[in-house]
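Quick note: the working numbering has the sequence shown finishing at residue 1733, numbered continuously throughout. Only one structure is covered here, and it is reproduced in the block below.
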Amino acid sequence: MSGWQRTRIYKNHHLDSTRWDAVEPRDGDVVITTAYKAGTTWTQGIVGALLLRGIPDAPLPLFASPWVDARFHAPLPDLVALLKAQTHRRFMKCHLAADGLLYRPTTRYIVVGRDARDVFMSLVNHYSGYTDLALSMLNNDPSLAPFPAFDGDVRKLWRDWITRGWFDWESEGFPWWGNLQHTASYWPHRELENVLFLHYADLKADLPGEVRRVAAFLDMELSEAEAASVAAECHLDRMRDVALQHDEVIGAIFEGGAKRFFFQGTNGRWRDVLDADDLALYEAAKQRTLEPECAHWLEHGYRG
């Protein structure tokens, strides 16, 4: 089985997929790709704990693995210089669907998924926490349609998010980009040797076991004791505590800083928010976007 083809450019308030063209690849690069709010930072923490082990004064995984396709982040020359200067095995963050990301057989891709209803609840917290500075950064290009500020109406946000796309080829994800579509785009390639699917619920159910899966995928030997140590280092509470030590960075983007960014990390909160009509919209989106097997995995993971 061959990899996917890049056929689209993703460019909006958050994304610019063309930034990847400036990154010179290295054999063994790791790309962690999610739509959003599915365990991206958690997975960065796990991969970083594995790849940065034993490196003196190693940077935090969150800062060592830049979000390459973020239009509003570091200027592209600075990003390229950062990645070029890294001497450890590199790992990078990506929020692009497969049709916006160039496939390389020498790169390892970790695709992280989560029940869309749980993604939405995390997204509400994320969206409502954007600072004025964050919104100004997202809307600093007048040639792009602006990213709207959250008006506080959660039900309206749900209806928009689950029925509208930002890009013409999407049918959900507004005002960000496709969430279900992201998983659907990688699903046909899940059997490739350089692709690993992780699920948020599996990480919560058996973090040491999932750490061992990631290590094996990266061709790293890890004892059960070492896996337990990495899992303890990457527990969400532990990662939140470490992030609080650098809260001035996260606090510039989110009200409440690291506590807001990591928030609860729980699943199932949607049951107290979404009613039968809301869930009918979800079922329709699922049916038009996902294969049945993919839909089942996205709701339950491998262990569900």
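C-beta atoms are modelled at their ideal positions from N, C-alpha and C, and glycine is treated no differently.
Exercise. How would you label Trp-1726, buried or exposed, when you count the other beta carbons within 10 angstroms and need 16 or more for buried?
Worked result: Taking the sequence shown and counting its residues from 1, the one referred to as residue 1726 is at position 297. Buried, because 16 or more other Cβ atoms sit within 10 Å of the Cβ of Trp-1726.
Exercise. Can you list, in chain order, the stretches of the beta strand (DSSP E) that have 3 or more residues and sit fully within the region 1587-1668?
Worked result: 1624-1628
Exercise. How would you call Gln-1716, buried or exposed, if buried means at least 16 neighbouring beta carbons within 10 angstroms?
Worked result: If you number the sequence shown from 1, residue 1716 lands on position 287. Label assigned to Gln-1716: exposed.
Exercise. Is the distance from the Cβ of Leu-1625 to the Cβ of Val-1640 below 9 Å?
Worked result: Position 196 of the sequence shown holds residue 1625. Position 211 of the sequence shown holds residue 1640. In this structure, Val-1640 does not lie closer than 9 Å to Leu-1625 by Cβ.
Exercise. Under the DSSP definition of a beta bridge, which residues are partnered with Asp-1445?
Worked result: On the sequence shown, residue 1445 is found 16 positions in, with the first residue counted as 1. Beta-bridge pairing links Asp-1445 to Lys-1440.
For this session: Count the other C-beta atoms from every protein chain shown that fall within 10 angstroms of the C-beta of Ile-1475, then say buried if there are 16 or more, exposed otherwise.
Result: Against the sequence shown, residue 1475 aligns to sequence position 46. That one is buried.
Exercise. Three-state secondary structure (DSSP) at Trp-1471?
Worked result: Position 42 of the sequence shown, counting from 1, holds the residue named residue 1471. Trp-1471 falls in the helix class under three-state DSSP.
Exercise. What residue range is occupied by the uninterrupted beta strand (DSSP E) comprising Arg-1717?
Worked result: In the sequence shown, counting from the first residue as 1, residue 1717 sits at position 288. Unbroken run through Arg-1717 is the alpha helix (DSSP H), 1705-1718; no beta strand (DSSP E).
Problem set entry | Nearest-angstrom beta carbon gap, Leu-1511 and Ser-1446 [assumed within contact, 8 Å] | The residue you call residue 1446 lines up with position 17 of the sequence shown. The residue you call residue 1511 lines up with position 82 of the sequence shown. Contact doesn't hold; Cβ gap of about 19 Å is too wide.
Exercise. From Asp-1561 to Asn-1569, what does the alpha carbon distance come to, in whole angstroms?
Worked result: Translated into the one-based positions of the sequence shown, residue 1561 becomes position 132. Translated into the one-based positions of the sequence shown, residue 1569 becomes position 140. Between Asp-1561 and Asn-1569, the C-alpha separation is close to 12 Å.
Exercise. Measuring CB to CB, does Val-1659 end up less than 9 Å from Arg-1537?
Worked result: For the purposes of this step, residue 1659 is identified with residue 230 of the sequence shown, where counting begins at 1. For the purposes of this step, residue 1537 is identified with residue 108 of the sequence shown, where counting begins at 1. Not closer than 9 Å, so no.
Exercise. What is the rounded straight-line gap between the Cα of Phe-1603 and the Cα of His-1443?
Worked result: Residue mapping note: residue 1603 aligns to position 174 of the sequence shown, counting from 1. Residue mapping note: residue 1443 aligns to position 14 of the sequence shown, counting from 1. Answer to the nearest angstrom: the Cα atoms are 12 Å apart.
For this session: Following the continuous alpha helix (DSSP H) through Val-1553, name the residue where it begins and the one where it ends.
Result: Along the sequence shown, one-based indexing puts residue 1553 at 124. Counting along the chain, the alpha helix (DSSP H) containing Val-1553 begins and ends at 1545-1557.
For this session: Over the uninterrupted beta strand (DSSP E) stretch that includes Lys-1513, give me the two end residues.
Result: Stepping through the sequence shown from its first residue, residue 1513 is reached at position 84. Counting along the chain, Lys-1513 falls outside any beta strand (DSSP E), though it belongs to the alpha helix (DSSP H) covering 1505-1514.
For this session: With DSSP collapsed to three states, give me the class of Gly-1477.
Result: Against the sequence shown, residue 1477 aligns to sequence position 48. Looking at Gly-1477 - three-state DSSP - the assignment turns out to be helix.
Exercise. With a CB to CB cut of under 7 Å and the five nearest residues on each side skipped, what residues in its chain are close to Ala-1578?
Worked result: Here residue 1578 corresponds to residue number 149 of the sequence shown, with the count starting at 1. Once the five neighbours on either side are set aside, the close Cβ partners of Ala-1578 are Leu-1564.
For this session: Classify Glu-1722 as helix, strand or coil using the three-state DSSP reduction.
Result: Locating residue 1722 in the sequence shown gives position 293, counting from the first residue. In the structure shown, Glu-1722 sits in a helix (DSSP, three-state: H, G or I).
Exercise. Among all the DSSP beta bridges, which residues are the ones paired with Gly-1542?
Worked result: Counted from its first residue, the sequence shown places residue 1542 at position 113. His-1628, per the DSSP bridge assignment.
Exercise. Quick one: is Phe-1596 buried, meaning 16 or more other Cβ sit within 10 Å of its Cβ, or exposed?
Worked result: By 1-based counting over the sequence shown, the position of residue 1596 is 167. Label assigned to Phe-1596: buried.
Exercise. Smallest Cα separation from Lys-1440: which of Pro-1575, Leu-1508, Leu-1489, Asp-1547?
Worked result: Taking the first residue of the sequence shown as position 1, residue 1440 is located at position 11. For the residues Pro-1575, Leu-1508, Leu-1489, Asp-1547, the minimum Cα distance to Lys-1440 belongs to Pro-1575.
Exercise. At a cut-off of 8 Å, is Leu-1525 close to the ligand SAH when judged by its beta-carbon and the heavy atoms of the ligand?
Worked result: Looking at this structure, you won't find the ligand SAH or any other ligand, since it has none at all.
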